[in-house]
Amino acid sequence: MEINIVAGGPDIYIPDLRKLNSKEMIWVGVDRGSLQILEAGIHLHSVFGDFDSISKDELNRVREHSEHFYEYPPEKDATDLELALEWAYKQVPDRITIYGATGGRMDHTLANIMMLADEKHMKEGIPTRIVDRNNEIRLFKPGSYVLDETEFKYISFIPITEEIEGITLVNFKYPLSNVTLYRGRTLSVSNELNFKTGTFSFLKGILLVVRSRD
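Residue numbers (this note's numbering): 1 to 214.
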């Protein structure tokens, strides 16, 4: 089972959801993102939000067509997206993908990316990514990982923690062997795979991996 969450970011950054849908997926709307799911003709499983960004008619439509409806006050200690993500982790899916979390307000974009670095989320061990039309964003704990060639050609490795110790990149245009990356430096930005697959591994830290189309 996969859970797809659609937040209320600008429409222009959200991929065509119809091309991404399958029977094994559960779709969750966050505030205005719920309308994106309905417009794509996809079953709306659950909805989260204070719904301050949609009209009364739109709210009624979302309420009518959602299987589970969770409404919150505008003033609270977590964003609507964080509340939806907390719920998603409790369902123990194989993967979580978040759309509509980038573009528009920069504070929202940065907060959404950093939300993935929350220790309790990292402990869940459920692969979680943020995807828009041009980027795929994931955070990784120490370990060894395989990356396959996709439409996202460029790959950047960005330290979230102060240092990433012992990173090694194999089958990349710019390989690394047991190198330390430092937060705020750009050594590992805009790499590319040399083959259909490549591997990266590291020993310590939290690593942000951004795959980009352009």
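Backbone N, C-alpha and C define an ideal beta-carbon position, used for all residues, glycine too.
| request: With DSSP collapsed to three states, give me the class of L17. | output: The sequence position of residue 17 within the sequence shown is 17, counting from 1. If DSSP states are grouped into helix, strand and coil, L17 belongs with the helices.
| field | Every unbroken alpha helix (DSSP H) within the region 9-59, with a cutoff of 4 residues, ordered by chain | value | 33-39
| said: Contact defined as beta carbons within less than 8 Å: I believe Y89 pairs with E124. What is the distance between those atoms, to the nearest angstrom? | reply: As a position in the sequence shown, residue 89 is number 89, starting the count at 1. As a position in the sequence shown, residue 124 is number 124, starting the count at 1. Contact holds; Cβ gap of about 5 Å.
| Cβ-based neighbour list, E136, same chain, cut-off 7 Å, excluding 5 preceding and 5 following | Counting from one through the sequence shown, the residue named residue 136 turns up at place 136. Around E136: R129, F152, R211.
| query | Looking only at its own chain, which residues have a Cβ that is under 7 Å from the Cβ of G41, when we skip the five neighbours before and after it? | reply | Locating residue 41 in the sequence shown gives position 41, counting from the first residue. Excluding sequence neighbours, G41 sits near R18.
| query | Just how far apart, CA to CA, sit N178 and H43? | reply | Start at 1 with the first residue of the sequence shown, and residue 178 comes out as number 178. Start at 1 with the first residue of the sequence shown, and residue 43 comes out as number 43. Their Cα atoms are separated by approximately 47 Å.
| query | When you compare only the Cα positions, how much space is there between N4 and T97? | reply | Locating residue 4 in the sequence shown gives position 4, where the first residue counts as 1. Locating residue 97 in the sequence shown gives position 97, where the first residue counts as 1. If I take the Cα positions, the gap works out to 5 Å.
| 9 Å Cβ cutoff met for V170 and T199 | For the purposes of this step, residue 170 is taken as the residue at position 170 of the sequence shown. For the purposes of this step, residue 199 is taken as the residue at position 199 of the sequence shown. Their beta carbons are under 9 Å apart, which means V170 touches T199 by this criterion.
| query | In chain order, what residues of the same chain lie with their CB nearer than 8 Å to the CB of K196, ignoring the 5 residues before and after it? | reply | Looking up residue 196 in the sequence shown gives position 196. So the list reads D148, E149, once near-sequence residues are dropped.
| field | Segments of 4+ residues assigned as alpha helix (DSSP H) that fall wholly inside the region 70-148 | value | 80-90, 106-115, 119-124
| field | E162 in three-state terms, based on DSSP | value | Here residue 162 is taken as the residue at index 162 of the sequence shown, counted from 1. If DSSP states are grouped into helix, strand and coil, E162 belongs with coil.
| task | Count the C-beta pairs between the region 55-73 and the region 98-112 that are closer than 8 Å, then say yes if the count reaches three, no if not. | result | no
| Helix, strand or coil: how does DSSP classify R211 here? | By one-based count along the sequence shown, residue 211 stands at place 211. Strand, per DSSP.
| field | Segment contact, 8 Å Cβ cut-off, at least three pairs: the region 9-17 with the region 43-53 | value | no
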